[in-house]
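Notes to accompany the following structure.
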Amino acid sequence: MDIIQIAGLGLTATMLIVVIKGKSPQIAFLLTVLVGVFIFIFLLDKIQLVISLLERLSVQAGVEMIFLQTILKIIGIAYIAEFAAQVAKDTGEGSIASKIELAGKILILVLALPIVQRVVETVLNLLPN
């Protein structure tokens with residue numbers, strides 16, 4: 001039932017922001033950011049459960065932890081970049097939002113390079129000489 005609480009908070013905040021926005025756009029913006037951060041904090045326990053499960057599965061499958069850590073970092077970068085870009089878009093700063101998204105994509109690419117390299121090396125080792 002967590003989604004009902006999150007949706008209720010989101011809808012309540014949305015209505016409040018619509019009312020406040022005309023009189024005080026700064027407070028409306030701060031409320032938007034505050035609700036977004038609150039929802040993220042509310043989900044931290046769920047995120048920790050997912051990470052723990054993935055770590056257990058990784059150990060059972062014999063996958064090196066560095067791969068799992070890299071994938072989790074990539075997912076984290078994607079979520080943080082998306083959140084920051086949405087906040088920038090909410091303030092009407094589409095240009096800054098696109099730069100945040102670009103930075104997130106480049107950072108993800110940089111983190112993914114060692115994994116891509118390992119996959120290519122593995123494929124090359126499987127091919128006959």
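Here the sequence shown is numbered in full-length UniProt numbering, starting from 1 and rising by one per residue. Yeah, the Cβ is synthetic: ideal placement off N, Cα and C, and Gly gets one too.
If you drop the 5 nearest sequence neighbours on each side, which residues of the same chain put their C-beta closer than 8 Å to that of residue i?
i: T70; result: L111, A112, P114, I115
i: L16; result: L31
By Cβ distance, which residues of its chain are closer than 7 Å to residue i, with the 5 residues on each side in sequence left out?
i: L30; result: none
With 16 as the cutoff for other CB atoms within 10 Å, does residue i come out buried or exposed?
i: A81; result: buried
i: I66; result: exposed
i: A7; result: exposed
Where does the unbroken alpha helix (DSSP H) through residue i begin, and where does it stop?
i: E82; result: 65 to 90
Can you list, in chain order, the residues of its chain whose CB lies under 6 Å from that of residue i, leaving out five sequence neighbours each side?
i: K73; result: L111
i: P21; result: Note on identity: in this sequence residue 21 is Lys, with Pro being the wrong assignment. Correct list, in chain order: A28.
- Could you tell me which uninterrupted alpha helix (DSSP H) segments, each at least 4 residues in length, are contained entirely in the stretch 14 to 61, listed from first to last along the chain? Counting only runs of 4 or more, we get 25 to 61.
>> Below 8 Å, how does it come out for the stretch 59 to 68 and the stretch 88 to 108: are there three or more Cβ pairs, yes or no?
In response: Per the Cβ contact rule, the stretch 59 to 68 is not in contact with the stretch 88 to 108 (fewer than 3 Cβ pairs under 8 Å).
query = Are the stretch 122 to 129 and the stretch 94 to 103 touching, with three or more C-beta to C-beta distances below 8 Å?
reply = By the criterion of at least three beta-carbon pairs nearer than 8 Å, the stretch 122 to 129 is not in contact with the stretch 94 to 103.
Touch check for the stretch 80 to 95 and the stretch 28 to 47: three-plus C-beta pairs under 8 Å?
With contact defined as three or more Cβ pairs closer than 8 Å, the stretch 80 to 95 and the stretch 28 to 47 are in contact.
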